[in-house]
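Since the structure comes first, as structure tokens, the remarks are kept for the end.
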Amino acid sequence: MTRRKAPGREAELQWVERIAKYCADQDGLPMIAGRCLGWLTICDPPEQSAGEIAEAIGASRASLTTNMRLLGSVGFVSQVTRPGSRTVYYRVDDDAWEKVVLRQVASLRALGEIVQAGVELVGASPKRAARARTAYEVFKWIESVFAEVPPPSAARTRRR
Numbered sequence: 012m013t014r015r016k017a018p019g020r021e022a023e024l025q026w027v028e029r030i031a032k033y034c035a036d037q038d039g040l041p042m043i044a045g046r047c048l049g050w051l052t053i054c055d056p057p058e059q060s061a062g063e064i065a066e067a068i069g070a071s072r073a074s075l076t077t078n079m080r081l082l083g084s085v086g087f088v089s090q091v092t093r094p095g096s097r098t099v100y101y102r103v104d105d106d107a108w109e110k111v112v113l114r115q116v117a118s119l120r121a122l123g124e125i126v127q128a129g130v131e132l133v134g135a136s137p138k139r140a141a142r143a144r145t146a147y148e149v150f151k152w153i154e155s156v157f158a159e160v161p162p163p164s165a166a167r168t169r170r171r
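My numbering puts the first residue of the sequence shown at 12, with every later residue one more than the last.
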């Protein structure tokens with residue numbers, strides 16, 4: 012078996028930047044929050060202090076605190092403390108990505124319900140309802156896809 016060479020710091024930071032850009036473009040997260048998230052997803056050890064994160068991604072500790080609070084509020088990051096130490100460490104929860112995706116799916120389901128109400132509202136007029144029906148079909152499709160495939164945590168639980 013060929014051993015894979017560990018990526019260099021430059022490659023890691025480029026990947027972190029890709030995550031940050033995606034989160035900024037898609038979810039409106041500040042770039043610093045996206046960098047923190049990216050770094051905490053791949054760093055070793057998995058728990059990092061604010062100083063370690065700031066040094067790794069080239070951010071100030073002041074901006075880091077605000078952004079770590081934001082990431083914690085949306086369920087991506089949790090704080091870890093160690094006995095006898097005042098340092099707070101941050102980590103991406105093992106199920107963080109799954110929780111976020113499930114929240115997005117629930118959000119899409121809720122939007123689908125709103126679109127369905129629009130179909131019912133103008134249903135008597137085929138012309139007016141056509142666009143809403145087309146949109147509703149997309150939301151029903153999304154719902155069926157996620158109903159058929161359980162989240163990864165369910166598969167991990169079955170394997171145990």
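From the three backbone atoms N, C-alpha and C, an ideal C-beta is built for every residue, glycine too.
Starting from the Cα of residue i, find the closest Cα among the options and give me that residue.
i    : options              : result
V85  : A158, A44, E154      : A44
I30  : S136, P18, I53       : I53
V156 : S74, A117, R139      : A117
M79  : R46, S164, F150, S96 : R46
A165 : A67, R139, K110, D36 : K110
E124 : S136, V149, K138     : V149
Could you tell me how far apart the beta carbons of residue i and residue j are, in whole angstroms, since I believe they sit closer than 8 Å?
i    : j    : result
L40  : V88  : So it is not a contact: roughly 12 Å between Cβ atoms.
E140 : V126 : Sequence check: residue 140 is Ala here, not Glu. At roughly 11 Å, the Cβ-Cβ gap does not stay under 8 Å, so A140 and V126 are not in contact.
I153 : L119 : 6 Å
Measuring straight from C-alpha to C-alpha, what distance separates residue i and residue j?
i    : j    : result
L122 : A65  : 38 Å
Q115 : L82  : 16 Å
V112 : Y147 : 20 Å
V27  : C34  : 11 Å
A128 : G49  : 38 Å
G95  : M42  : 33 Å
D55  : E21  : 15 Å
T92  : A143 : 50 Å
K151 : A67  : 43 Å
V160 : D105 : 20 Å
Q25  : Q37  : 18 Å
T76  : G134 : 50 Å
R90  : P137 : The sequence shown places Gln at residue 90, rather than the Arg named in the question. Distance between the alpha carbons of Q90 and P137 is about 54 Å.
S71  : A158 : 43 Å
T145 : K32  : 31 Å
How should residue i be labelled, buried or exposed, when 16 other C-beta atoms within 10 angstroms of its C-beta is the threshold for buried?
i    : result
G69  : exposed
G19  : exposed
A73  : exposed
A107 : buried
Count Cβ pairs between the region 54–62 and the region 87–104 that sit closer than 8 Å; are there 3 or more?
The region 54–62 vs the region 87–104: in contact.
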